[in-house]
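Residues 4 to 444 (this note's numbering) are what the sequence shown spells out, left to right. Note that beta-carbon positions come from the ideal geometry of N, C-alpha and C, so glycine has one too. The structure presented is a predicted model; accordingly, all values stated were derived computationally and were not measured.
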Amino acid sequence: MIVKNEEKNIERALSWGKSFMWEQIVVDTGSTDRTVEIARRLGAKVYHFEWIDDFAAAKNYAVSQAQGDWIVFLDADEYFLEEDAKRLVPLLEKLEGTKYNALVTRWVQVEGSEELSSGGPQGNTQWVSAVRADGSTGTLFSSTQTRIFRNQPGLRYRGRVHEKLYVEHGKLWESDAGGELSILHTGYSEAEMKEKDKAGRNIALIKKELEANPKDHVMLSCLGDSYSQQGNKEEAARWYEQAVSCMPKRPDENDALCSGIFRNLMAIYVMRQDVSAVQKVYETAVKRFPKEPDYDYILGGKCISLGLYKEGAEHLQRALTLLDLYGSENKAIMLTHNLMRVWELLAVCHFESGDLEQCVNCAVAVLRVDPWRMGTLQELLLAFKTDEERARAVGTPGKAASPAQVQAFLGSLYDLLQPEAAEFVKKAAEGASYTGLVRLM
């Protein structure tokens, strides 16, 4: 790994896999903290490389020091869970005598406050579950990366920033281990970004790359990302727009970078309240990446904010359908981070559209996962109350659930004998002006 001022991360980075690692190589590019001291104490071979604004050059220097047959090249803010690390050597042994010179793994972004566990192989996928500091759980965003490769001449990195592996006079043959291995990454958390000003560093390096290749859509997109991370959304949009104009007209359907450009542009236009621009980007995006759910998630949310509940529900439902059909590998970043919110919004849409049964179904789906969401419980009780009022208005009160029946149903979601739960439900009923239920609580 190459490092600079990583004393907070270096011990964890050097702790996994010690039972089978041939050597651990740390190339320092100018640390002023205890990074080098800690790395040496942990037994790593430490080298120094004068920083020349070129990540590929620094990484290639590190590769040149390696003596083993295979190289695992991670950053200091990346690591494997121990159960994943145990799978690594058997996977590499299977590749002996084959054409493969690299191993693709899953790459998972975490925020740093989670307790994590790996689920191991499940068909063709692997899941990583998180228990966050607030007690909530879920799977985290993932993509794929190639960080494990043979130590062979000509297999090196290229690119001043956002560097990639390439093979001189050959081909990178990648074996897919995304179902067995996940690299966990913490470096893009908000706190880390502020501490290291990675965005500002990257802007300078990317602009140098663009001087030589001004139509490189990858670098144009990365420049947009960096400005966005700094909070300069207007400048970010300008570079994303240029990236769209320079990207391939027929990109690979799994090109997460290109699909992400459209996602980021839509999000910025939503923030601007530029509805026509959101719609225009959406129409282009779904043609190029028809399996990406995030576009419908973004547009659905915008429709709802405009009071277009039917259209909003259609887009959100389409997003969920795409997620179910095609999964979240290299896609659905926003949707997978906001699934509970999607079901809450669907409950609102169905209520506003008059479909009380679907409103109840969506609200109950949320509350079975997290019963302490006050807004969702109020939406559920509003639906029951409205149904009762409708039935009474047409002279068929027996067709709607009575407050007593609603109370009995809520007993499947809450232990109403517990004062905390009973008080929570009562407050929700008061917020929904559901007086019949309030009297019973």
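Buried or exposed by the 16-neighbour rule on C-beta atoms within 10 Å, applied to Phe265: buried
Let me make sure I understand the geometry here. Which of Val351, Lys305, Arg15, Glu96 has the alpha-carbon closest to that of Leu84? Arg15
If Ala411 and Asp418 are in contact, beta carbons under 8 Å, what's the gap, nearest whole angstrom? Ala411 to Asp418, Cβ: 13 Å. No contact.
Is the segment 270 to 288 in contact with the segment 302 to 317, if contact means three or more CB pairs nearer than 8 Å? yes
How is the beta strand (DSSP E) around Thr108 delimited, first residue to last? 105 to 112
What does a CB cutoff of less than 6 Å around Arg44 pick up in its chain, not counting 5 residues either side in sequence? none
Below 8 Å, can you find three or more Cβ-Cβ pairs linking the segment 249 to 260 to the segment 269 to 283? no
Helix, strand or coil for Ile55? Go by DSSP, reduced to three states. coil
Cut-off 7 Å between Cβ atoms - residues of its own chain near Thr38, not counting five sequence neighbours on either side: Val6, Asn8, Glu9, Glu10, Ile13, Asp31
Skipping 5 residues on each side, what residues in its chain have a beta carbon closer than 6 Å to that of Cys261? Met250, Pro254
How would you write the range of the alpha helix (DSSP H) that Glu317 sits in, first residue to last? 312 to 329
Should Pro406 go down as buried or exposed, given a rule of 16 or more other Cβ atoms within 10 Å for buried? buried
Span of the alpha helix (DSSP H), counted from its first residue to its last, around Val372: 359 to 372
Give me the Cα-Cα distance between Gly20 and Lys62, rounded to the nearest whole angstrom. 21 Å
Nearest chain C C-beta to Glu237 closer than 8 Å, yes or no? Among the chains of the structure shown, chain C does not appear; only one protein chain is present.
In whole angstroms, what separates the C-alpha of Leu359 from that of Lys313? 13 Å
Which class does Tyr160 belong to by DSSP, given the choice of helix, strand or coil? strand
From what residue to what residue does the beta strand (DSSP E) around Val170 run? 167 to 170
Could you give the residue range of the beta strand (DSSP E) that holds Asp179? 177 to 179
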